[in-house]
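Report on one structure; see the data block that follows.
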Ligand code: ADP
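In our numbering, the protein residues as written are 8 to 401.
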């Protein structure tokens, strides 16, 4: 069975054809800089062969048509069993992946105010696919859905209750597909019982979030109404004093939207270091003696550790802490620093295991006998393909 997985963003379109049963990928690709003269599509076949074609000035529709054409050329279009779309915001409407019909499309549209940058292109991708693949069943997989199990004491902000009732202001949480996949994989790897398990997942990529997963369900998470809340990220500040926004509006003579934009795009690792939003580049700078890069990494790890410790509260105990995402899976010094900060919770690093990302110890990077921390690679596209396969085959 082959599933087309689509992640249609504001100026890019990621795609992959995945067999969710065999867990293999026939092809994947990325159309980027959409709407600009430099728009292009890169294809990567299963053999690793890459091919780039220009689609100058191409918008989402043109890119999707080019993807359709490329799939036909490769003999992949006819055999598709369904299409799975990543949709960022499902608000309070969606707590699971959904087979797309008029009602679901309307629901995604009703969440535009909550996900203004993501939901409109996500829905556009769905509508273009409907035209290109008439009759093909499509599924929406929401970033927020996994977190709909949070209890209200976790998702409500201590602000006027009317904000929640009238404007749906609450914590939603994101990266749900990753947190769901990695927590389930952790439970499987450690031989735990889902119904009696306590796992923290630290998803550390360009965006970062951590989730407490109790008995297989999300009970608290660090991202909030938007992905700006919580951990320090590549370009996002994470938690700050909310009064800072008004303060900096006045100081800079800018409006709240502009200052919020700076918190989203010029803060976090890039803001502190002034060098890069990319952890690998920063670690290389640290090795060269760059103090601001060192500061950025220190703040990242310290704040991350504090947030992870806080997630022990809803769990009551910790069976495992799983590191995932580009930084979580690859950055040996970041994991080492975080585990060092978390000694209070019984973690003790095994440097040899950590150095090989725990590959020889079923992912485990802490010593036997101490609290378990491990590395568990994420695979969001596979989750989308699995959910889609499940729903299209009934
Ligand atoms: P996205 O959120 O865009 O999917 P990724 O999960 O690919 O991002 O993570 C990107 C981050 O992972 C970057 O900060 C990158 O520097 C970091 N990363 C990737 N490989 C390494 C590595 N070997 N060492 C340190 N950081 C790494």
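Yeah, the Cβ is synthetic: ideal placement off N, Cα and C, and Gly gets one too. Every value quoted in this text rests on a predicted model; they were computed, and no experiment measured them.
1. May I ask whether a heavy atom of the ligand ADP can be found less than 7 Å away from the beta carbon of residue 71?
2. Just mark residue 226 as buried or exposed, buried being the case when its beta carbon has 16 or more other beta carbons within 10 Å.
3. Is the Cβ-Cβ distance between residue 319 and residue 354 less than 8 Å?
4. For residue 268, count the other beta carbons within 10 Å of its own beta carbon; 16 or more makes it buried, fewer makes it exposed. Which is it?
5. Would you check if the distance between the CB atom of residue 145 and the CB atom of residue 92 is smaller than 8 Å?
6. Tell me where the alpha helix (DSSP H) around residue 126 begins and ends.
7. What do you get for residue 399, buried or exposed, if any count of 16 or more other CB atoms within 10 angstroms of its CB means buried?
8. Is the beta carbon of residue 64 closer than 8 Å to that of residue 50?
9. For residue 162, count neighbouring Cβ atoms within 10 angstroms of its own Cβ and tell me buried if that reaches 16, exposed if not.
10. Buried or exposed: where does residue 274 fall if 16 or more other Cβ atoms within 10 Å of its Cβ makes it buried?
11. Under a three-way DSSP split, which group does residue 326 fall into?
12. Residue 307 lies in the alpha helix (DSSP H); which residues open and close that run?
13. Determine the contact status of residue 95 and residue 150, defining contact as a CB-CB distance below 8 Å.
14. Taking Cβ positions, are residue 82 and residue 196 nearer each other than 8 Å?
15. At a threshold of 7 Å, does residue 334 count as lining the ligand ADP (C-beta to nearest heavy atom)?
16. Starting from residue 92, trace the beta strand (DSSP E) both ways and give me its first and last residue.
17. Just curious, the alpha helix (DSSP H) that residue 265 is in, first and last residue?
18. Opposite residue 52 in the DSSP bridges: which residues?
19. Taking residue 242 as the reference, which of 401, 234, 249 has the closest Cα?
20. Over the uninterrupted beta strand (DSSP E) stretch that includes residue 215, give me the two end residues.
21. Use the C-beta contact count for residue 296: other C-beta atoms within 10 angstroms, 16 or more gives buried, fewer gives exposed.
22. Taking only heavy atoms of the ligand ADP into account, decide whether any of them is closer than 7 Å to the Cβ of residue 408.
23. Could you work out which residue in 33, 48, 12 is closest to residue 18 when comparing CA atoms only?
24. Let me check you understand the geometry: is the CB of residue 17 closer than 7 Å to at least one non-hydrogen atom of the ligand ADP?
25. Identify the residues that DSSP records as bridge partners of residue 20: which are they?
26. Pull up the DSSP beta-bridge partners for residue 149, would you.
27. Please report the distance separating the alpha-carbon of residue 240 from that of residue 230.
28. Please return the same chain residues whose Cβ sits closer than 8 Å to the Cβ of residue 346, not counting the five positions on each side in sequence.
29. In the DSSP output, what is residue 105 paired with across the bridge?
30. Are residue 224 and residue 156 touching if we call contact CB-CB under 8 Å?
31. Please identify the residue among 70, 184, 73, 23 whose C-alpha is closest to the C-alpha of residue 87.
32. Is the region 384-392 in contact with the region 322-338, if contact means three or more CB pairs nearer than 8 Å?
33. Counting only the same chain and skipping the five closest in sequence on each side, list residues whose C-beta sits under 6 Å from that of residue 102.
34. Could you tell me which uninterrupted alpha helix (DSSP H) segments, each at least 4 residues in length, are contained entirely in the region 168-198, listed from first to last along the chain?
35. Would the beta-carbon of residue 290 be found less than 7 Å away from any heavy atom of the ligand ADP?
36. Straight-line CA distance for residue 133 to residue 75?
Well, looking at it:
1. no
2. buried
3. no
4. exposed
5. yes
6. 126-139
7. buried
8. no
9. buried
10. buried
11. coil
12. 298-317
13. yes
14. no
15. yes
16. 87-94
17. 263-272
18. 34
19. 234
20. 215-221
21. exposed
22. Only positions 8 to 401 of the chain appear in this structure, which leaves residue 408 out of reach.
23. 48
24. no
25. 15, 38
26. 94
27. 11 Å
28. 354, 355, 356, 361, 372, 373, 380
29. 147
30. yes
31. 23
32. yes
33. 152, 155
34. 168-174, 183-197
35. yes
36. 14 Å
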